Amino acid sequence: MTRPERVRLGDLLVKQGYLSAAQIDEALKDQAATGRKLGRILLERRFVTEDQIAMALGRQMALPYVNVDRLNLDPDVVRLLPESQARRFRALVLARTPVGLQVAMADPTDLSAYDELCRLLRSEIELAVVTESQVLEVVDRLYRRTSEISGLAKALEADLGEVADFGQLLSSNGQEDAPVVRLLQSVFDDALQVKASDIHFEPQEGRLQIRFRIDGVLHPQTTADLRIASAVVLRLKLISGLDISEKRQPQDGRFVVKSRERPLDVRISTMPTQYGESVVMRLLTRAEGIQNLDDIAMPAAVLRQFRSAIARPNGLVLVTGPTGSGKTTTLYAALDELNTPQTKVITVEDPVEYRLDGINQVQVNEKIDLSFSKVLRSALRQDPDVLLIGEIRDLETAQIGLRAAMTGHMVLATLHTNDAASAPTRLVDMGVPGFLVASALQGVLAQRLVRRCCVRCQTERPLAPREAEWLAAALGGEARVNVQRVGAGCSHCNNTGYLGRIGVYEFLDITRSLASAASRDDPADFLRLARQQMGSHTLRHQAASLALSGVTSVAEAMKVSYETDD
Numbered sequence: 188m189t190r191p192e193r194v195r196l197g198d199l200l201v202k203q204g205y206l207s208a209a210q211i212d213e214a215l216k217d218q219a220a221t222g223r224k225l226g227r228i229l230l231e232r233r234f235v236t237e238d239q240i241a242m243a244l245g246r247q248m249a250l251p252y253v254n255v256d257r258l259n260l261d262p263d264v265v266r267l268l269p270e271s272q273a274r275r276f277r278a279l280v281l282a283r284t285p286v287g288l289q290v291a292m293a294d295p296t297d298l299s300a301y302d303e304l305c306r307l308l309r310s311e312i313e314l315a316v317v318t319e320s321q322v323l324e325v326v327d328r329l330y331r332r333t334s335e336i337s338g339l340a341k342a343l344e345a346d347l348g349e350v351a352d353f354g355q356l357l358s359s360n361g362q363e364d365a366p367v368v369r370l371l372q373s374v375f376d377d378a379l380q381v382k383a384s385d386i387h388f389e390p391q392e393g394r395l396q397i398r399f400r401i402d403g404v405l406h407p408q409t410t411a412d413l414r415i416a417s418a419v420v421l422r423l424k425l426i427s428g429l430d431i432s433e434k435r436q437p438q439d440g441r442f443v444v445k446s447r448e449r450p451l452d453v454r455i456s457t458m459p460t461q462y463g464e465s466v467v468m469r470l471l472t473r474a475e476g477i478q479n480l481d482d483i484a485m486p487a488a489v490l491r492q493f494r495s496a497i498a499r500p501n502g503l504v505l506v507t508g509p510t511g512s513g514k515t516t517t518l519y520a521a522l523d524e525l526n527t528p529q530t531k532v533i534t535v536e537d538p539v540e541y542r543l544d545g546i547n548q549v550q551v552n553e554k555i556d557l558s559f560s561k562v563l564r565s566a567l568r569q570d571p572d573v574l575l576i577g578e579i580r581d582l583e584t585a586q587i588g589l590r591a592a593m594t595g596h597m598v599l600a601t602l603h604t605n606d607a608a609s610a611p612t613r614l615v616d617m618g619v620p621g622f623l624v625a626s627a628l629q630g631v632l633a634q635r636l637v638r639r640c641c642v643r644c645q646t647e648r649p650l651a652p653r654e655a656e657w658l659a660a661a662l663g664g665e666a667r668v669n670v671q672r673v674g675a676g677c678s679h680c681n682n683t684g685y686l687g688r689i690g691v692y693e694f695l696d697i698t699r700s701l702a703s704a705a706s707r708d709d710p711a712d713f714l715r716l717a718r719q720q721m722g723s724h725t726l727r728h729q730a731a732s733l734a735l736s737g738v739t740s741v742a743e744a745m746k747v748s749y750e751t752d753d
């Protein structure tokens, strides 16, 4: 291809009508004063958009403008250009062509970058134009560190030799070039890149297995020699302040690590297993912040009921669901709404997952006998308006929470039940008197998370007979379909067909009739009345509706049904 010519971006944008003369003069003065790139100044001042710059460059240089969001890129082709060079030159290899490679650049007028790309790729190049943000998004998504992590694991294995030198590992604390440090940094970077919620280091017979949980599903990352497991666990214990001499008891801790220039809160849990200590780390990115109730895609009717319940001056509101169903996200969103200068909020958590400004958060610590019940008794003497109980685990905690709800406090708490209707009977099973549940409980929100179908690779697929039967039963006369829209798998969703998750919710408002049934200690009658009151506004019905509209698959929706029908 002919080497591109340099063009003046400002003149080009004025010529094509995207900028006025006054705007370009203002931007050029800023450039002269700061030395920054003109394109960055124009974007920051919102004179133009990235798409307008890219289209203007493409039109001037007779190059195609490419929206990579609409392309199913081959990761192996994209990775023909090393990640560092892709970031440096803001360039992507899009595809192989009959004469060479198609390469998209955010700045095709950069002649030195073009020459360097030709040298690195050793191929004829057909240029296209792409926005800088799309380049960085694709690089973050497709340049996985699997081979790098495997290589670092082998380097660590060689560094340790036949016997781990723990003295050397201890003395290397803080040395960023130590093999174990570089291995862990690469694991954290890769986990953040693919939006993993958890990292699992699992010692197996003869190997160390590393897996990531992405959108609620575990994915193998790589395996390494078992001999490095002790070195990895030791390093993680050191940085999280755990007892490195204790290998027979489970331990919990937390630490903060910087990954991809972002602080990452890490919650760590160790547990002794047959072949060594298993480590699971929950990753919490500070940049995400706390969502508000309007952002968590709760159905309007459920959101209205939940808001009404938490706005009351007193009472207990429960959020139920299995581990990883988003209960903490919902409760923190509720706290964010209740947190005002006139309201004192105290939380009792194990552990404290997010730090909330203006809220008094207490971490439970069983090692020093700082239990939920003990903290709650003290918290009630701190004159709170709102109390959050991280989890109701025992009778004493349940009774304190319910009595607090009856004495002028709004109490929010989580409980492990399959659905909303089961929550009051679960409290009674724990030993709480029925009259106490009936007097204090205001409402129960049950929730699940299901995976979203990837919209970029959605295609129609026939329903299996069992899926069609389930969908018809869940939605009644609403569903008589034979096909569903599901993700086929592409580079955007790592060939899984799913990208991201969405919540499924149901809310049970404890009315007078339900409170009366709860006080009679007749679980069967209470469940019948509760399900009658909720009608079609159930987890199962909402999950089926999402499947019918193509938001999720029928297979994902059926998982909710299996859990709630148990």
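Throughout the sequence shown, residue numbering follows my numbering, covering 188 to 753 in sequence.
All C-beta atoms in this analysis are idealised placements derived from N, C-alpha and C, irrespective of residue type, glycine included.
Since the structure is predicted, the reported quantities are computational estimates derived from the model, not experimental observations.
- Scanning its chain for C-beta atoms nearer than 7 Å, with the 5 sequence neighbours on each side dropped, one finds around glutamine 478 the residues Thr516 and Ala520, in chain order.
- Under the DSSP assignment, aspartate 452 falls in the beta strand (DSSP E) whose first and last residues are 449-460.
- Look at the segment 502-554 and you find these whole runs of beta strand (DSSP E), each 3 residues long or longer: 502-507, 532-536 and 547-550.
- It is roughly 20 Å from the alpha-carbon of serine 626 to the alpha-carbon of arginine 715.
- Per DSSP, reduced to three states, the secondary structure at proline 262 is helical.
- Around the beta carbon of leucine 405, fewer than 16 other beta carbons lie within 10 angstroms, which makes this residue exposed.
- Taking a C-beta distance under 7 Å as the contact criterion, glutamate 578 and alanine 633 do not qualify as a contact pair.
- As the crow flies, the alpha-carbon of threonine 236 is around 32 Å from that of glycine 737.
- Residue range 463-472 is occupied by the beta strand (DSSP E) that includes arginine 469.
- When Leu304, Val670 and Pro285 are compared, the shortest CA-CA separation from alanine 291 is found for Leu304.
- Secondary structure in the segment 581-645: the alpha helix (DSSP H) runs of 4 residues or longer, each lying completely within the stretch, are 582-593, 609-616 and 621-627 in chain order.
- Of the candidates Ile546, Arg233 and Leu686, the residue whose Cα lies closest to the Cα of asparagine 526 is Ile546.
- In the assembly as shown, arginine 688 is a buried residue. Its beta-carbon has 16 or more other beta-carbons within 10 Å.
- Contact annotation, alanine 607 with leucine 470: C-beta distance approximately 29 Å; criterion of less than 8 Å not satisfied.
- In the structure shown, the three-state DSSP call for aspartate 481 is helix.
- Here glycine 204 carries a coil assignment [DSSP, helix/strand/coil].
- With fewer than 16 other CB atoms across the displayed protein chains lying within 10 angstroms of its CB, phenylalanine 622 is exposed.
- With contacts defined as CB atoms closer than 7 Å, valine 573 and methionine 597 qualify as a contacting pair.
- Setting aside the 5 residues that flank it on each side, arginine 435 is surrounded in the same chain by Pro459, each with a C-beta closer than 7 Å to its C-beta; the list follows chain order.
- Taking a contact as a CB-CB distance under 8 Å, the pair leucine 250 and leucine 314 counts as one, their CB atoms being some 5 Å apart.
- Annotated as distal: glutamine 629 and glycine 508, with beta-carbon spacing of 7 Å or more.
- Residue burial is scored here from C-beta neighbours: arginine 195 has fewer than 16 other C-beta atoms within 10 angstroms and is therefore classed as exposed.
- Sequence-distant partners of glutamate 743 (beyond 5 residues in either direction) whose C-beta falls short of 6 Å from its own C-beta, in its chain, are Val637 and Arg638.
- For aspartate 709, the three-state secondary structure derived from DSSP is coil.
- Nearest to valine 368 by C-alpha distance, out of Leu423, Leu230 and Val562, is Leu423.
- The DSSP assignment places 298-308 and 319-329 as complete runs of the alpha helix (DSSP H) inside the segment 291-339, in order along the chain (cut-off: 4 residues).
- The segment 534-551 and the segment 487-503 do not touch, with fewer than three beta-carbon pairs separated by less than 8 Å.
- In the displayed model, lysine 382 falls within coil according to three-state DSSP, outside both helix and strand.
- Beta-bridge pairing by DSSP links aspartate 696 to Gly630.
- In the pairwise beta carbon analysis, the segment 424-432 is classified as not touching the segment 406-414: fewer than three pairs are separated by under 8 Å.
- Assigned with DSSP and collapsed to three states, glutamine 247 falls in helix.
- Take the alpha-carbon of serine 678 and the one of leucine 371: they are about 25 Å apart.
- Beta bridge pairing from DSSP links arginine 394 with Gln391 and Asp412.
- Fewer than three pairs of CB atoms, one per stretch, sit closer than 8 Å, so the segment 214-226 makes no contact with the segment 602-618.
- As computed with DSSP, glycine 690 is found in a beta bridge with Leu636.
- The three-state reading of DSSP puts isoleucine 576 in strand, counting E and B together.
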